[in-house]
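Note sheet for the following structure.
Numbering (UniProt numbering), first residue to last: 1 to 312.
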């Protein structure tokens, strides 16, 4: 059955792009509402349900259009909502972006778990893949095929000693999402961050909200990594967030290579438009209960080379 929050919660923090402080209030919503955002710094701004079609930018993050107004960096919130099984919620944001927090979904998940979830009367709807669907763009690929639950296999492969090649397979389960995927942080190279700063971008980026890698010194964060393959796990978190905009629970096996926000969004649209490749059904709860997570850690793995084309 669908779920919403048992009570509202508030999160405050700086925005990745502007470096300014923002507040996000997440509140319960009726069944069949989905996830809806609005800007509360603008009068008469109504809630807008997130879909792949109101994504207005995928540069450095996923940005949605809410009545002509942008709200940026929503992917970690959306990923946490899907991952923990929150189907219906209102999110009211005090400005142009949600807080980046520590660069993962950790704090968002903690707030959801503290607030609690309340079961509603309407059944969840699942998009059940019946035929393969795939896209390819500039060497980046995403494909989905029929499967008895929801699985993502993601591959990263970069010629950098801190990165190497990583492959991680995650069989989705609400009970494991927090520790397996949700705590993985975003990441980038020091030289890329400095280049963004010089262009007036990523003003809020720091070691407090991202894994930063130096070409010579490696990971600069004094606490190190939360997992040796934290990088590829974060890419799966991003994919959960971006694909959650489809608006249904998913049943299928995804294989993705080097995908980022842009390709994730194109894939979400492509899948929705491939109407002969899936059916929409009332969800049987057992669809989410498979677990067989495994990693191929061929060294290490962080982030993308081009922040505009394939951001973490």
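C-beta atoms are modelled at their ideal positions from N, C-alpha and C, and glycine is treated no differently. Given the structure is predicted, the values throughout are model-derived calculations rather than measurements.
Check, Outcome
"Using three-state DSSP, classify residue 32 as helix, strand or coil.", "coil"
"So, helix, strand or coil for residue 138, using DSSP?", "coil"
"Please determine if the stretch 184-192 and the stretch 210-226 are in contact, where contact requires at least 3 C-beta pairs separated by less than 8 Å.", "yes"
"Assign residue 258 to buried or exposed, taking buried as 16 or more other Cβ atoms, counted over all protein chains shown, within 10 Å of its Cβ.", "buried"
"How far does the alpha helix (DSSP H) with residue 55 in it reach, from first residue to last?", "It is not in any alpha helix (DSSP H) - residue 55 instead sits in the beta strand (DSSP E) that spans 55-57."
"Please list, in chain order, all residues of the same chain as residue 46 whose beta carbon is under 7 Å from its beta carbon, the five residues on each side excluded.", "38, 67"
"Below 8 Å on the Cβ atoms is my contact criterion, and I expect residue 243 with residue 276 to pass it. Report the Cβ-Cβ distance as a whole number of Å.", "Residue 243 to residue 276, Cβ: 20 Å. No contact."
"For residue 287 and residue 251, I'd like the C-alpha separation in whole angstroms.", "Caution applies to residue 287, whose pLDDT of 43 falls short of 50 and renders its modelled position unreliable; the value that the coordinates give is listed next. Whole-angstrom Cα-Cα distance: 7 Å."
"Could you give the distance in angstroms between the alpha-carbon of residue 227 and the alpha-carbon of residue 216?", "21 Å"
"Count Cβ pairs between the stretch 29-44 and the stretch 148-164 that sit closer than 8 Å; are there 3 or more?", "no"
"With the cut-off set at 8 Å, would you say residue 126 and residue 283 are in Cβ contact?", "yes"
"Roughly how many whole angstroms lie between the Cα atoms of residue 218 and residue 165?", "16 Å"
"Span of the alpha helix (DSSP H) holding residue 198?", "190-198"
"Using the Cα positions of residue 110 and residue 278, report the straight-line distance between them to the nearest angstrom.", "34 Å"
"Is the distance from the Cβ of residue 88 to the Cβ of residue 136 below 8 Å?", "no"
"Tell me whether residue 13 sits in a helix, a strand or coil according to DSSP, three-state version.", "strand"
"Output needed for residue 255: all residues of its chain with C-beta closer than 6 Å, excluding positions within five of it in sequence on either side, in chain order.", "143, 153"
"Have a look at the DSSP bridge pairing and note the partners of residue 38.", "92"
"State buried or exposed for residue 21, treating a residue as buried only when at least 16 other CB atoms are found within 10 Å of its CB.", "exposed"
"In this structure, does DSSP put residue 8 in helix, strand or coil?", "coil"
"Where residue 118 and residue 9 are concerned, what is the direct C-alpha to C-alpha distance, given to the nearest angstrom?", "14 Å"
"Cβ of residue 202 within 8 Å of Cβ of residue 60?", "yes"
"Verify whether the separation of the beta carbon atoms of residue 15 and residue 62 is less than 8 Å.", "no"
"Could you give the first and the last residue of the continuous alpha helix (DSSP H) run that contains residue 78?", "75-84"
"Mind checking which residues open and close the alpha helix (DSSP H) that includes residue 235?", "230-243"
"Could you spell out where the alpha helix (DSSP H) holding residue 63 opens and where it closes?", "From DSSP, residue 63 is part of no alpha helix (DSSP H) but of the beta strand (DSSP E) over 63-66."
"Flag this pair as yes or no: are the beta carbons of residue 253 and residue 145 separated by less than 8 Å?", "yes"
"What is the rounded straight-line gap between the Cα of residue 204 and the Cα of residue 172?", "31 Å"
"Hey, would you say residue 129 sits closer than 8 Å to residue 24, going by beta carbons?", "no"
"Buried or exposed: where does residue 42 fall if 16 or more other Cβ atoms within 10 Å of its Cβ makes it buried?", "exposed"
"Quick check on the burial criterion: 16 or more other C-beta atoms within 10 angstroms. Buried or exposed for residue 289?", "Note that residue 289 has pLDDT 41, beneath the 50 cutoff, so the model's placement of it is unreliable and the number below is only indicative. Counting Cβ neighbours within 10 Å, residue 289 comes out exposed, since fewer than 16 surround it."
"Rounded to whole angstroms, what is the Cα-Cα separation between residue 157 and residue 163?", "7 Å"
"DSSP state of residue 103, grouped into three classes?", "coil"
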